[in-house]
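Just below is one structure, and these are the notes that go with it.
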Amino acid sequence: MQKVVMSIAGLDPSGGAGILADVRAISAFGCFPAGCVTSITFQNTTGVFGAENVPAEILRRQILPILQDYEVAAVKTGMLPTAETICVTAELLKDAGIPALVVDPVVRSTSGFDLIDDTALRALIANLFPIATLVTPNIQEAERITGIAIESRDDIALAAEIFRGLGAQNVLIKGGHLRLENSGEPKRHYREAVDFLYVGDELFEFRGEYHETNATHGTGCVLSSAIAANLAIGLSLTGAVETAKRFVNDGIRNAPMLGKGFSPIAIRPISQSEQKREIDT
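For the sequence shown, this note's numbering gives the first residue as 2, with consecutive numbering after it.
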């Protein structure tokens with residue numbers, strides 16, 4: 002039976018990020034996507050110009066019928082702009098006993114537009130972190146949540162400890178925004194993008210090519226959705242992260258280079274043979 006994966010996230014009308022990108026990524030792994038909109042943003046590849054948030058009760062009326070009808074195998078949350086929408090989302094997902102929950106703590110757009118205030122951020126930490134299978138902050142998001150500057154691997158390890166103290170069981174700190182040498186020194190002759198997955202006290206590093214490119218619009222959305230889809234089809238957490246990272250790297254390499262700003266990445270469907278190979282390994 003085809004696995005259902007739900008995205009609860011904002012709408013980016015340009016299609017590069019948010020729920021439209023999530024749906025494409027979920028579909029790429031052969032899963033059936035369901036989507037609930039938390040906010041209608043006004044944006045294109047050059048930036049975010051504003052947003053109209055969906056009231057919490059309207060969000061509830063989107064999520065609940067899906068949970069009552071489908072057997073949802075995994076959920077990915079993205080932009081959750083208010084404390085009220087966060088509390089509604091957490092309540093419904095907790096009551097439903099979702100097998101896998103990937104929380105992408107979207108706090109600021111690539112162009113610098115704040116998507117969540119401090120009250121909502123506190124609600125996100127208190128209500129969603131403890132029930133999440135995985136939390137997936139990038140460096141800037143991790144800095145805001147933990148309150149520390151992250152410039153080295155030691156800083157990332159400290160941030161992971163803070164996340165665990167905040168209730169997160171597992172955290173993937175996406176280091177693509179942090180330019181590290183292989184030796185661990187920050188911001189010099191970087192050659193790799195390294196993501197750091199902490200599963201309890203165990204560390205896994207996922208290395209990939211650092212891309213000097215403007216094709217970065219929606220990378221975090223696609224990554225978290227791909228992880229959720231891979232968990233839904235039966236991969237382990239480490240396997241889901243590794244597969245999703247390769248998927249995003251492929252998307253960056255083959256980006257369509259659309260728009261005048263940060264291009265969306267390519268989202269290429271995964272063949273059934275590729276899916277089977279990933280599950281078997």
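Where a beta carbon is used, it is the ideal one built from N, C-alpha and C, also for glycine.
>> I'd like the span of the beta strand (DSSP E) that includes Gly-235, first residue to last.
In response: Premise fails: Gly-235 is in no beta strand (DSSP E) and is neither H nor E.
> Hey, Lys-246 and Phe-207 are a contact pair by Cβ (cut 8 angstroms); roughly how many whole angstroms apart?
Replying inline: The distance from the Cβ of Lys-246 to that of Phe-207 is about 5 angstroms, consistent with a contact at the 8 angstroms cut-off.
>> I'd like to check one pair, Thr-46 with His-218: are the Cβ atoms closer than 7 angstroms?
In response: Yes, Cβ-Cβ distance for His-218 and Thr-46 is below 7 angstroms.
>> For a minimum of 4 consecutive residues, which ranges assigned as the alpha helix (DSSP H) are wholly contained in the segment 9-88?
In response: DSSP runs (the alpha helix (DSSP H)) wholly in the segment 9-88: 19-29 and 57-70.
> Below 7 angstroms between beta carbons: does that hold for Val-104 and Thr-120?
Replying inline: Taking 7 angstroms as the Cβ cut-off, Val-104 and Thr-120 do not qualify as a contacting pair.
>> For Val-223, which residues in the same chain have their Cβ closer than 7 angstroms to its Cβ, ignoring the five residues on either side in sequence?
In response: Result list for Val-223: Ala-22, Ala-26, Val-249, Gly-252, Ile-266 and Ile-268, in chain order.
> Given a threshold of 16 other Cβ atoms within 10 Å of its Cβ, counted over all protein chains shown, does Ala-150 qualify as buried or as exposed?
Replying inline: Ala-150 counts as exposed, since fewer than 16 other C-beta atoms from the protein chains shown sit within 10 angstroms of its C-beta.
>> Helix, strand or coil for Asn-171? Go by DSSP, reduced to three states.
In response: Of the three classes helix, strand and coil, the one that applies to Asn-171 here is strand, per DSSP.
> In three-state DSSP terms, what is Asp-196?
Replying inline: Secondary structure at Asp-196: strand, using DSSP grouped into helix, strand and coil.
> Would Thr-214 be called buried (16 or more neighbouring beta carbons within 10 Å of its own) or exposed?
Replying inline: By the 10 Å Cβ count, Thr-214 comes out exposed.
> Can Ala-169 and Ala-124 be called in contact, C-beta distance under 7 angstroms?
Replying inline: A distance of 7 angstroms or more separates the beta carbons of Ala-169 and Ala-124.
>> If you reduce the DSSP assignment to three classes, tell me which class Asp-115 lands in.
In response: In the three-state scheme derived from DSSP, where H, G and I count as helix and E and B as strand, Asp-115 is classed as strand.
> So, helix, strand or coil for Val-242, using DSSP?
Replying inline: Note: Val-242 maps to helix in three-state DSSP.
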